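Protein chains: 2
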Amino acid sequence: MLNITGFFLFLIMSIFRKYRSIILYSAALALLLVLLRWMEWQFVLVNNSFEIYAGIIAIIFTLLGIWVAMKVSKPKTILVEKEVLVKSGPEFRINEKAANELGLSKREFEILELTAKGLSNQQIADQLFLSLNTIKTHLSNLFLKLDVQRRTQALEKARRIGLIP
Amino acid sequence: MLNITGFFLFLIMSIFRKYRSIILYSAALALLLVLLRWMEWQFVLVNNSFEIYAGIIAIIFTLLGIWVAMKVSKPKTILVEKEVLVKSGPEFRINEKAANELGLSKREFEILELTAKGLSNQQIADQLFLSLNTIKTHLSNLFLKLDVQRRTQALEKARRIGLIP
DNA sequence: TGCAAAATCACCCGAAAGTATGACTTTGAT
DNA sequence: ATCAAAGTCATACTTTCGGGTGATTTTGCA
């Protein structure tokens, strides 16, 4: 018996942990609604100005929406430090040049790098806020430009010609 | 005279182009306000349900805020390149030691290397005179030992821990 | 201003990769 | 000689990739 209740407690806790932000947002929204109710009383009792009321709600919730979006889409402004290996020899910045010679676009190069980190297409899509199909398309074009058939082949070749460390 | 009017037209057009998103947003907002005015009429005339009205406004403007935030916060990742000198120091034969520590067998390591060259499972099977199933089995075991799910992930990890150059 | 390239997304289909399980043989060490 | 680990292979199933085609929107440049 205790086992079952414990299980449910655990379940609830894990659900809370998982969707904490959503739950917190809901709570904040509820709070705001209460606040609005109060404001409603104020305005209705004092003067029946609908428009001011609507405007205030609009502004507040616009800001709220912006805030939520900022919160949710955390990885927006990350500062990525990329270490570029500089051999003392005369081969600097091959990746840039090689990429230009091959005609790789920014996106293609970016996705190539994520591929090199072992991410699946779906994971790349999630990370870049893109569709899975888009990733596939970019990779297809990349494969054409690198003249390969598989992602592992692409990585090997990219490494060989200095596109990737 | 035509010159002056033309100039102003040009000016307006260029301003429009420059701040198109802002102008469009303003327009959308104005439209929404009109819509709200209409809804206000509806609700006021039909039944005086303040809360539904407020809720609708809240939802609409929350979504609007989210949308705006998404649009505005476009510049995501700032890429800072950091140059690091690399020396061809004395680091031989890490692979052997690392392989032993992980408990990789000879075959598994061999197949890992072929995978790193971008070969498909079938090509590896052909090259080693083995069955495709055998390659899959070895790779499965390798993935277990490396704690990964995909070959690209395996390659990344293997490279990271020095199994592979 | 208009055009080409880049970027985005969708749908379909087949191939490749990965998972799980079981079985048999070889090898190496005690 | 025995036993465990390594190696080999199979079957069945699911998931992921890759190729092809087409369409729309954004962007950068001439």
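The listed protein sequences derive, respectively, from chains E and X.
Note that numbering that gives the first Met the number 0 numbers the first sequence so that position 57 is 56, with each residue one more than the last.
Note that numbering that gives the first Met the number 0 numbers the second sequence so that position 115 is 114, with each residue one more than the last.
Here a beta-carbon is modelled for each residue, glycine too, at the ideal position from N, C-alpha and C.
Computed from a predicted model, the values in this text were never measured in an experiment.
Query	Result
Three-state secondary structure (DSSP) at Gln-148 (chain E)?	coil
Does Ile-134 (chain X) come within less than 9 angstroms of chain E when only Cβ atoms are used?	no
Compare the C-alpha of Leu-131 (chain X) against each of X:Asn-140, X:Leu-141 and X:Asn-120 and name the closest.	X:Asn-120
Go ahead and pull the three-state DSSP assignment for Leu-143 (chain E).	helix
Considering only residues of the same chain and omitting the five flanking positions on each side of Gln-148 (chain X), which have a CB-CB separation below 7 angstroms?	Phe-142
Determine the burial state of Gly-5 (chain E): buried for a count of at least 16 other Cβ atoms within 10 Å of its Cβ, exposed for fewer.	Here Gly-5 (chain E) scores only 46 on pLDDT, less than 50, and its place in the model is too uncertain to base an answer on.
Could you check what DSSP says for Lys-105 (chain E) in three-state terms: helix, strand or coil?	helix
Which whole-angstrom value describes the C-beta separation of Tyr-117 (chain E) and Thr-151 (chain X), a residue pair presumed to lie in contact below a C-beta threshold of 8 angstroms?	Looking at the sequence provided, one finds Gly at residue 117 (chain E) rather than Tyr. Right, the Cβ-Cβ distance comes to about 5 angstroms (below 8 angstroms), so this counts as a contact.
So is Gln-121 (chain E) in contact with chain X if we call contact Cβ pairs under 9 angstroms?	no
Along the segment 127 to 157 of chain E, what residues have a CB closer than 9 angstroms to any CB found in chain X?	Leu-127, Phe-128, Val-147, Gln-148, Arg-149, Arg-150, Thr-151, Gln-152, Ala-153, Leu-154, Glu-155 and Lys-156
Please go through the same chain and pick out, in chain order, the residues whose beta-carbon is closer than 8 angstroms to the beta-carbon of Arg-106 (chain X), but skip the five residues on each side of it.	His-137
How far does the alpha helix (DSSP H) with Ile-160 (chain X) in it extend, from its first residue to its last?	Segment: none, Ile-160 (chain X) is in no alpha helix (DSSP H) and carries neither H nor E.
If you draw a straight line from the C-alpha of Leu-129 (chain X) to the C-alpha of Leu-162 (chain E), how long is it?	33 angstroms
Quick one: residues in its chain with C-beta nearer than 6 angstroms to the C-beta of Leu-145 (chain E), no 5 flanking neighbours on either side, listed in chain order?	Ala-153 and Lys-156
By DSSP, does Lys-116 (chain X) sit in helix, in strand, or in coil?	coil
Would you identify the three-state DSSP class for Glu-155 (chain E), choosing helix, strand or coil?	helix
If the criterion is Cβ atoms closer than 9 angstroms, does the pair Thr-133 (chain X) and Ala-124 (chain X) meet it?	yes
Identify whether Leu-131 (chain E) lies in helix, strand or coil by the three-state DSSP scheme.	helix
Once you ignore the five residues that flank Ser-139 (chain X) on each side, which residues in its own chain have a CB closer than 7 angstroms to its CB?	none
Any beta-carbon of chain E closer than 9 angstroms to the one on Ala-124 (chain X)?	no
Give me the chain X residues within the contact set of Gly-117 (chain E), using Cβ-Cβ distance strictly less than 8 angstroms, ordered along the chain.	Val-147, Arg-149, Thr-151, Gln-152, Ala-153, Leu-154, Glu-155 and Lys-156
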